[in-house]
Amino acid sequence: MQFEIDERQPIYRQIVETLIRQIARGFWPPGGKLPSIREVAAAARVNPNTVSRAFQELERTGLVATRRGEGTFVTTNTQVIKDYREKTARALWTDFLGKIRELGLTNEEIQRLLAELKEDE
Amino acid sequence: MIIPAVMLENVVKRYPLTRALDGVNLTIESGKVVGLLGHNGSGKTTLLKIIAGLRTPTSGQVRVLGMAPGLETKKRVAFLPEVNTFYNWMTVDDLLKFVKSFHPDLDLEKTAELKAFMNLKGESKIGALSKGQQARLKLIVGLARQADLLLLDEPLAGIDPPSRAKILHALVGELRQEGQTVVISTHEVKEAEPIFDHVIFLRQGRVALEGEAEALRAETGHSMEELFGEVLE
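Below, the structure is given as structure tokens:
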């Protein structure tokens, strides 16, 4: 478990984003237990209060749920994870497309470039 | 309603030749880890001493744990001064017993755990400890008290940089009591900033900027270290 923290941005948000990415990728599998607030705080070297706030935020997405006295678990509803994964991908894609369009590329040109994209690129 | 750990209203502290605090208004919420940031001479130590009840302000109102500073608040507040006040002829264990005699809330079980964490031996003579070891000893004394409010004045001074992050982290993690409010004065902002919930920038005896660290990051796109440079230059 590794966290790259940029102190110029809200730390809790970076923790939420990291955990969402890890859940989307299956690093924390459906139904699996997330590390505790203290463990995440130790790994990211931040205040447990900050991590606690990140966990609350994460619960609001529906991707995880906390069971009293047991810990925080990833949802077993894989559809929720899939939707979130696509939602995140779409947000990244929209951001990226905006920049590509600034170069004046047409949809056809973008599709041609995409088709040429290799698996390892 | 939860009572704030500290409330200051227009607090002024004048010394014969200087004005150490020049109208400070401040609320510190209970359970937070607060960074009191400023250069030397900005009033950090005076502010901590007033909260600890060791100095009285020239004017203004002070409330600590909902009370005026006094005997009752002193039982619940631990203040660790920057300067060393320990006797060199004592051993580490002598000192802990000595502290226990006037602070009965000192948890001796916890001091044993802390000695192991800080790599200090009970039989070592204080006079023979390095500056960093003395700084660690001071932290042991502060952390082992069951205080609701812990005030640390430049706790990292003298501690080698690689150990600082580890100690800071333990300070807000496993070493902190549930719900304890911690105020840390420092100018080592880079190492300390990830542990702060709230920061107060003090400049020439006034609050130059304060707020929740995460909100300040979101608003300014700056780290607390960058803000320190910007606000206090």
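Chain order of the listed sequences is A and B.
End of the first sequence = 677 in the working numbering, gap-free, step of one.
End of the second sequence = 258 in the working numbering, gap-free, step of one.
All C-beta atoms, glycine included, are put in the ideal place defined by N, C-alpha and C.
Self-check item: Identity of the residues DSSP links to B/S84 by a beta bridge
Solution: The residue labelled residue 84 of chain B in the question sits at position 59 within the second sequence. Per DSSP, B/V37.
Quiz prompt | Beta-ladder partner(s) of B/I53, from DSSP | solution = Stepping through the second sequence from its first residue, residue 53 of chain B is reached at position 28. According to DSSP, which records beta bridges pairwise, B/I53 is partnered with B/V31.
Practice problem: Check the C-beta distance from B/G147 over to B/V117 and give it rounded, since I have them as a contact under 8 Å. | Solution: As a working mapping, residue 147 of chain B is identified with position 122 in the second sequence. As a working mapping, residue 117 of chain B is identified with position 92 in the second sequence. Contact flag correct, Cβ pair sits at about 5 Å.
Quiz prompt | Min CB distance B/V224 to chain A below 8 Å | solution = In the second sequence, the residue the question calls residue 224 of chain B occupies position 199. It does not: the Cβ of B/V224 has no partner Cβ on chain A nearer than 8 Å.
Quiz prompt | Bridge-paired residues (DSSP) for B/I225 | solution = Within the second sequence, numbered from 1, the residue matching residue 225 of chain B stands at position 200. BP columns for B/I225 point to B/L61, B/E235.
Quiz item: Identify the residues that DSSP records as bridge partners of A/R623: which are they?
Solution: Position 67 of the first sequence, counted from the start, is the residue given in the question as residue 623 of chain A. DSSP output for A/R623 lists A/G627 as bridge partner(s).
Quiz prompt | Beta carbon proximity, B/E213 to chain A, threshold 8 Å | solution = The sequence position of residue 213 of chain B within the second sequence is 188, counting from 1. No, no contact with chain A.
Quiz item: Can you list, in chain order, the residues of the region 603-627 of chain A whose Cβ is nearer than 9 Å to any Cβ on chain B?
Solution: N603, P604, N605, T606, R609
Exercise. Could you pull out every residue in the same chain whose Cβ sits closer than 8 Å to the Cβ of B/E255, ignoring the five residues on either side in sequence?
Key: Here the question's residue 255 of chain B lines up with position 230 in the second sequence. Excluding positions up to five away in sequence, the list reads H247.
Quiz prompt | Where B/L193 falls, given that 16 or more other Cβ within 10 Å makes a residue buried | solution = Position 168 of the second sequence holds residue 193 of chain B. Around the C-beta of B/L193, 16 or more other C-beta atoms lie within 10 Å, and the residue is accordingly described as buried.
Exercise. Quick one: give me the first and last residue of the beta strand (DSSP E) that B/L139 is part of.
Key: Against the second sequence, residue 139 of chain B aligns to sequence position 114. Looking at the DSSP string, B/L139 is not in any beta strand (DSSP E); the run it does join, the alpha helix (DSSP H), is 133-143.
Quiz item: Does any residue of chain B bring its CB to less than 8 Å from the CB of A/I561?
Solution: By one-based count along the first sequence, residue 561 of chain A stands at place 5. Closer than 8 Å: yes.
Practice problem: Less than 8 Å between the CB atoms is what I'm expecting for B/L131 and B/V124, so what's the real figure, rounded? | Solution: Start at 1 with the first residue of the second sequence, and residue 131 of chain B comes out as number 106. Start at 1 with the first residue of the second sequence, and residue 124 of chain B comes out as number 99. About 6 Å separates the two Cβ atoms, so the contact holds.
Quiz item: For A/A599, which residues in chain B fall below 7 Å Cβ to Cβ?
Solution: As a working mapping, residue 599 of chain A is identified with position 43 in the first sequence. Counting only Cβ-Cβ distances below 7 Å, A/A599 has no contacts in chain B at all, with the closest Cβ about 10 Å away.
Practice problem: Could you please give the first and the last residue of the uninterrupted beta strand (DSSP E) stretch that includes B/A103? | Solution: Locating residue 103 of chain B in the second sequence gives position 78, counting from the first residue. Taken as a continuous stretch (DSSP letters only), the beta strand (DSSP E) holding B/A103 covers 102-105.
Quiz item: For the candidate residues B/R170, B/N109, B/M115, whose alpha-carbon lies nearest to that of B/G157?
Solution: On the second sequence, position 132 is the one that residue 157 of chain B refers to. Ranking B/R170, B/N109, B/M115 by Cα distance to B/G157 puts B/N109 first.
Practice problem: On the DSSP bridge assignment, give the partners of B/K163 in chain order. | Solution: Locating residue 163 of chain B in the second sequence gives position 138, counting from the first residue. Answer by DSSP bridge pairing: none, since B/K163 is not bridged.
Practice problem: Could you spell out the range, first to last residue, of the alpha helix (DSSP H) harbouring A/D639? | Solution: On the first sequence, position 83 is the one that residue 639 of chain A refers to. Here the alpha helix (DSSP H) through A/D639 covers 634-657.
Quiz item: Which value, in whole angstroms, describes the spacing of the CA atoms of B/S16 and B/G91?
Solution: A query on residue 16 of chain B cannot be resolved here, the shown segment of chain B reaching from 26 to 258 and no further.
Self-check item: Limits of the unbroken alpha helix (DSSP H) element including B/V214
Solution: By one-based count along the second sequence, residue 214 of chain B stands at place 189. Counting along the chain, the alpha helix (DSSP H) containing B/V214 begins and ends at 214-217.
Quiz prompt | Collapsed DSSP secondary structure at B/A45 in the structure displayed | solution = In the second sequence, residue 45 of chain B corresponds to position 20, counting from 1. The answer is strand: DSSP assigns B/A45 an E or B state.
Quiz item: Skipping 5 residues on each side, what residues in its chain have a beta carbon closer than 6 Å to that of B/S67?
Solution: In the second sequence, residue 67 of chain B corresponds to position 42, counting from 1. Contacts found: L227, R228.
Quiz item: Quick one: which chain B residues come within Cβ less than 9 Å of A/P591?
Solution: On the first sequence, residue 591 of chain A is found 35 positions in, with the first residue counted as 1. Near A/P591 there are no residues of chain B at all, since even the closest Cβ is about 14 Å away, more than 9 Å.
Quiz item: From B/A307 to A/V596, what distance separates their C-alpha atoms?
Solution: With chain B running from 26 to 258 in the structure shown, residue 307 of chain B is simply not present.
Quiz item: What three-state label does DSSP hand A/I561 in the structure shown?
Solution: Within the first sequence, residue 561 of chain A is the residue found at index 5, counting from 1. It is coil, neither helix nor strand.
Practice problem: Return the chain-ordered list of same chain residues with a C-beta closer than 6 Å to the C-beta of B/M115, the five sequence neighbours on each side being excluded. | Solution: The residue given as residue 115 of chain B occupies position 90 in the second sequence. Closer than 6 Å at Cβ, skipping near neighbours: I151.
Practice problem: Between the Cα of B/H182 and those of B/A160, B/V224, B/L79, spot the shortest distance and give me the residue it belongs to. | Solution: Numbered from its first residue, the second sequence carries residue 182 of chain B at position 157. Note that residue 182 of chain B is Ala in the sequence shown, not His. Closest by alpha carbon: B/A160.
Quiz prompt | Any non-hydrogen atom of the ligand ZN closer than 7 Å to B/G85 Cβ | solution = Questions concerning the ligand ZN fall outside what the structure shown contains, since it holds no ligand whatsoever.
Practice problem: Closer than 9 Å, Cβ to Cβ, to anything on chain A: give me those residues from the region 45-57 of chain B, in chain order. | Solution: G56, K57
Practice problem: Identify, in the order they occur along the chain, each residue of the same chain with its Cβ nearer than 6 Å to the Cβ of B/E54, setting aside the five sequence neighbours on each side. | Solution: Here residue 54 of chain B refers to the residue found at position 29 when the second sequence is read from its first residue. Same-chain partners within the cutoff: P29.
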